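S.K.: Got a structure here, written out as structure tokens. Questions coming.
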Amino acid sequence: MTAKINHWCVICGTGYHGCDSCDAVGIHSWKKHTDTLNHYQIYFIINDYTYGILNKKQAREKLYHCDLTGWEHFLPNVRVLIAEILT
Ligand SMILES: [Zn+2]
Numbered sequence: 348m349t350a351k352i353n354h355w356c357v358i359c360g361t362g363y364h365g366c367d368s369c370d371a372v373g374i375h376s377w378k379k380h381t382d383t384l385n386h387y388q389i390y391f392i393i394n395d396y397t398y399g400i401l402n403k404k405q406a407r408e409k410l411y412h413c414d415l416t417g418w419e420h421f422l423p424n425v426r427v428l429i430a431e432i433l434t
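Residue numbers (my numbering): 348 to 434.
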């Protein structure tokens, strides 16, 4: 049985299968937003930066600890923010 795609990563746009009943009880709750834990960490940093919880320098330091492989292919709004943070 192939898992059906019912979620799309908010970072890279990749479609993946996420379990709605797991989401409801909070198991692997990151799977609700992103396809990988790494993308969830990026999502978290970008969110904090957007809401002013992290400044650019803090966000950049945190992003350096994430795997940014292929970020040029992330969703446009995410790409703009990452480029802004890294420069
Ligand atoms: Zn992703």
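Quick reminder that beta carbons are idealized off the backbone N, C-alpha and C, glycines included. Quick caveat: nothing in here was measured; it's all calculated off a predicted structure.
For ligand 1, which residues have a Cβ under 7 Å from at least one heavy atom, in chain order?
M.R.: Those residues, listed in chain order, are Cys-356, Ile-358, Cys-359, Thr-361, Thr-381, Asp-382, Thr-383 and His-386.
S.K.: Taking contact to mean 3 or more Cβ pairs, one atom from each stretch, closer than 8 Å, check whether the region 400 to 416 and the region 368 to 379 are in contact.
M.R.: Flag = no, the region 400 to 416 and the region 368 to 379 do not touch.
S.K.: In angstroms with no decimal places, state the Cα-to-Cα distance between Asp-395 and Gln-388.
M.R.: Cα to Cα, Asp-395 sits roughly 11 Å from Gln-388.
S.K.: Indicate whether Leu-422 and Val-357 have their beta-carbon atoms separated by less than 9 Å.
M.R.: Against a cut-off of 9 Å, the Cβ pair of Val-357 and Leu-422 comes out as a contact.
S.K.: What do you reckon, are the CB atoms on His-386 and Cys-366 nearer than 9 Å?
M.R.: Going by C-beta atoms, His-386 is not nearer than 9 Å to Cys-366.
S.K.: Taking buried to mean at least 16 other C-beta atoms within 10 Å of its own C-beta, is His-375 buried or exposed?
M.R.: Exposed: under 16 other Cβ atoms inside 10 Å.
S.K.: Which value, in whole angstroms, describes the spacing of the CA atoms of Thr-383 and His-364?
M.R.: Spanning the two alpha carbons is a distance of roughly 11 Å.
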